[in-house]
């Protein structure tokens, strides 16, 4: 009958836990991108391997991941 009572302290603890989890996911995402970078380098149009910085490769991979998720969502919605 109603929600359990939560104090600000409880909410702060939950928010801290969520922040820690988000940071962990970001680290895991960066690790995955670092692993995928050598695979995707050859697929970046107009760039040769010596011209590709780690950051531009990460941007490319993130864009490809977002595009794939978008396409997957469109396919699932049909």
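In the working numbering, the protein residues as written are 108 to 185. Heads up, the beta-carbon is just placed ideally off N, CA and C, and yes, glycines get one too.
For residue i versus residue j, is the C-beta distance shorter than 7 Å?
{"i": "residue 120", "j": "residue 140", "result": "no"}
Can you look up residue i in the DSSP assignment and give me helix, strand or coil?
{"i": "residue 172", "result": "helix"}
For chain D, find out if any of its Cβ atoms is closer than 7 Å to the Cβ of residue i; answer yes or no.
{"i": "residue 127", "result": "Any reference to chain D falls outside this structure, which holds one protein chain only."}
Figure out for me which residue from the options has the closest Cα to the Cα of residue i.
{"i": "residue 145", "options": "127, 118 and 162", "result": "162"}
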